[in-house]
Amino acid sequence: MAHTWLVAFLAVFGAWFVSSAHRLYVNYRNAVRSGFPVLLCPINTQNPLYMALNPVLRPLLQRILPTAVYDRWHPATFGWEFRDRHGLHDRIGPVFVLVTTGVNELWCADPALAQNLLARRKDFVMLPEAKVIMRLLGTNIVASDGETWARQRRLIAPNLNERISAVVWKEGMEQANQMGDYMLAAPEDGAASKTSKTSKTSKTSQTVASLRAIAINVLGQVGYGQPKPFRPMELPRDPEAPMAYIDAVGLVTELLAPAALFPNRLLALPFMPKVVQTLAAAMRKLPALTDDMLNQERQRQKERKVDTDSGPRETIMSLLVRLSDQALDKAAAPADPHGALGLTEDEIAGNLFLVTGAGFDTTANTMAYAAVLLAIYPETQAWLQEELDRVFGGPPTGLPASKRTDRLAALDYTTVYPQLARCLAFMLETLRLYPVLLHESRGLRVDDGTSASSASAPSLATVTVTVHHTTHHLAGRYNVFVNNMALHTARATWGADADAFRPARWIAVDAATGRESVKAPPRGTFSPWSGGPRVCPGQKMSQVEFVAVMATLLWRCSVRPVVHTAEGETPADARARLLALTEDSQPRLALQMNRPDEAELQWVER
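Count the sequence shown with mature numbering (1 follows the signal peptide of the UniProt record, and there is no 0) and you get residues -21 to -1, 1 to 585, in order.
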């Protein structure tokens, strides 16, 4: 019996080995024909088991593997771009092909080619893996290609306009003002600068949770017209408890990978951790929560048609409902030769999830990095507060809460926001070194217009790209990655201090008037909101929210690191500890710190 099992195992292993070796040979041959530098890594980076174990085993393997072996394997690890920055591209060139036993990977850190790849949406399409994850609750603008994408883009992007931005500005300021009240209230745990260890429930450990609460609350107001008072964010942890739509989406966003990759029945099993069971409950409830929310919005719109005195309800949900109802009207009308003009019910659910989940997580993580960077670089705080005192009229020290609130309410979005160039520069510099997406991913199209990144793809198209007047042909199965991290830290673009945090690099000063403005980087060198026709339609919203929140907090407060004096730590040591915390990051839906609860920050009144 043992002999039979051994023979069966060797047969299966032999078949797998021969198949992998053949695929590696075919991929290597295609990579060499492309004319780009080639790196060989005999691993299938698309294998689900490898994808699951990679982040866990990488730190261990880095310690035990010989340097030469680890360096060859490193580009096949999850999040390698953040750890490497521009090092690998400096050594072998701005574009290279990583040959694996699965699919070839083209990695690009050339600005001109990056811009070209992102602009050619018909040749370089969304990867199937990305579509599976982002289509979790329905089709949306990110998980679509071709005419389906173009129709959604035409409808949604123009409506995320200045009226929406004005609501974001107002709500962001109100939420940040409430966070300031919370952080400046008498601490419940003593002087943080004298403690050796701070509780996770202490205010000094709640900055990241507080900024995540602001991000979700702003979306609740601008997305659904549901205002919510500030409190540090706590995601639901009880599968039996009632759950609001926005709380359910927040939990799904936090645990997006298991939500997308595992059956809900598995997640709901009794032996699973409570948070995973709660995730299963959220996934089960979300369709009904979505339907209920949309039905309520449709009823409100009907009532407003009757009550002509009621003003418009400017929310993202009301916009999507109108577009969805247009689709229903068109379905009953004669066929339109130009295609459908509205959104389907599936698309409205999918785009609601996209706006809430992706919009929340990306902005929240950027604000989290920004807050920690403020504590690391006090000179940046002073530089920003100089602008705020000039525009806002000085800090509100000693003002009663009502007068402080009145002063904030008087800061009109259309006149004040354009004056805060330094605050926007601060956001751009944060995104340069800590981008939401470490890379933009695409796949080569196949004859039916979909991605050729799977082994079962139909007949492939050969795609031509040009780099510095040299033509290259991509044939076979490729995933294409624009390396944002390398582009954002290239010395050829950003100078010798490309790895340094310096927001002032973004500021241009008018010689005649002295007015400051934000400089546009060279094309193809900076794409935190993607690029080309698929640029994020929520880009302006996220900029307005970040500026509103950071400006309000820094107008009232300064932030500094908690110093563990009982352990002999100095302020310089504390800043170094925080910097190491930001460098210990890993991409999930967005890049985020692995240990955000250890970001111990103390907010003090100016």
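Glycine included, C-beta positions come from ideal geometry on N, C-alpha and C. Just so it is clear, the structure is predicted and the values come from calculations on it, not from any experiment.
Item: Taking Cβ positions, are Pro16 and Ile71 nearer each other than 7 Å?; Value: yes
Item: Of the choices Ile295, Arg114 and Tyr457, whose alpha-carbon is the least far from that of Thr441?; Value: Tyr457
Item: Hey, Ala267 and Leu246: beta-carbon distance below 7 Å or not?; Value: no
Item: How big is the Cα-Cα spacing for Gln364 and Glu419?; Value: 34 Å
Item: Assign Asp63 to buried or exposed, taking buried as 16 or more other Cβ atoms, counted over all protein chains shown, within 10 Å of its Cβ.; Value: buried
Item: Kindly indicate the opening and closing residues of the beta strand (DSSP E) around Gly422.; Value: His418 to Leu423
Item: I believe Leu58 touches Leu417 by the beta-carbon criterion, under 8 Å. Please report the beta-carbon distance rounded to the nearest angstrom.; Value: Per the sequence shown, the amino acid found at residue 58 is Gly instead of Leu. Correct: roughly 6 Å between the Cβ atoms.
Item: How far does the beta strand (DSSP E) with Trp86 in it reach, from first residue to last?; Value: Asn83 to Cys87
Item: Only counting the same chain, and skipping five residues up and downstream in sequence, which positions put a Cβ closer than 6 Å to that of Tyr224?; Value: Leu268 and Met272
Item: Give me the DSSP bridge partner(s) of Ala487.; Value: Ser496
Item: What span of residues does the beta strand (DSSP E) with Met572 cover, start to end?; Value: Leu570 to Met572
Item: Among Val541, Glu584 and Asn573, which one has its Cα closest to the Cα of Asp35?; Value: Reading the sequence as shown, one finds Val at residue 35 and not Asp. Of the candidates Val541, Glu584 and Asn573, the one whose C-alpha sits nearest the C-alpha of Val35 is Asn573.
Item: Counting only the same chain and skipping the five closest in sequence on each side, list residues whose C-beta sits under 6 Å from that of Arg502.; Value: Gln94
Item: Going by C-alpha distance, which of Ala239, Glu108 and Met30 is nearest Arg263?; Value: Ala239
Item: Just grab the DSSP bridge partners of Cys536 for me.; Value: Glu584
Item: Using the Cβ count rule (16 or more neighbours within 10 Å means buried), how would you classify Lys173?; Value: In this prediction, Lys173 scores a pLDDT of 48, lower than 50, which makes its location untrustworthy; the coordinate-derived value is nonetheless stated afterwards. Its Cβ having fewer than 16 others within 10 Å, Lys173 is exposed.
Item: Quick one: what's got a C-beta closer than 8 Å to Arg100's C-beta in the same chain, skipping five residues either side?; Value: Asp124, Trp128, Gly511, Pro512 and Arg513
Item: Using 10 angstroms around the beta-carbon of Ala188, count the other beta-carbons present and answer buried if the total reaches 16, otherwise exposed.; Value: buried
Item: Report yes if the C-beta distance between Leu557 and Ala354 is below 7 Å; otherwise report no.; Value: yes
Item: Applying the criterion that 16 or more other CB atoms from any shown protein chain within 10 Å of the CB defines a buried residue, is Ala10 buried or exposed?; Value: buried
Item: For Thr232, I'd like the list of residues in its chain whose CB is within less than 7 Å of its CB, leaving aside the five on either flank, ordered along the chain.; Value: Gly336, Phe339, Asp340 and Leu568
Item: Mapping DSSP to helix, strand and coil, what is Val74?; Value: strand
Item: Bridge partners for His1 per DSSP, in chain order?; Value: Paired residues: none, contrary to the question.
Item: Secondary structure at Val104, three-state DSSP: helix, strand or coil?; Value: strand
Item: Sorted by chain position, which residues of the same chain lie with C-beta nearer than 8 Å to Asp325's C-beta, five sequence neighbours on each side aside?; Value: Gly117 and Thr118
Item: Spatial neighbours of Phe371 within its chain, please: C-beta separation below 6 Å, excluding the five flanking residues on both sides.; Value: Trp534
Item: Between Asp226 and the rest of its own chain, which residues show a CB-CB distance below 6 Å, the 5 nearest in sequence each way excluded?; Value: Pro215
Item: Taking C-alpha atoms, which residue in His53, Leu67, Ser(-2) and Val(-15) lies nearest to Ala465?; Value: Leu67
Item: With DSSP run on the structure shown, which of helix, strand or coil describes Met335?; Value: Before going further, note that residue 335 is Thr rather than Met in the sequence given. Residue state, collapsed to three classes: helix.
Item: So, is Tyr348 buried or exposed, given that buried needs 16 or more other C-beta atoms within 10 angstroms?; Value: buried
Item: Using CA coordinates, which residue listed in Asn243, Ala220, Ile195 and Pro218 is at the minimum distance from Val228?; Value: Ile195
Item: Return the CA-CA distance between Met251 and Arg244, expressed in angstroms with no decimal places.; Value: 11 Å
Item: Within its chain, find whatever has a CB closer than 8 Å to the CB of Arg114; leave out the 5 residues flanking it on each side and keep chain order.; Value: Ala122 and Gly329
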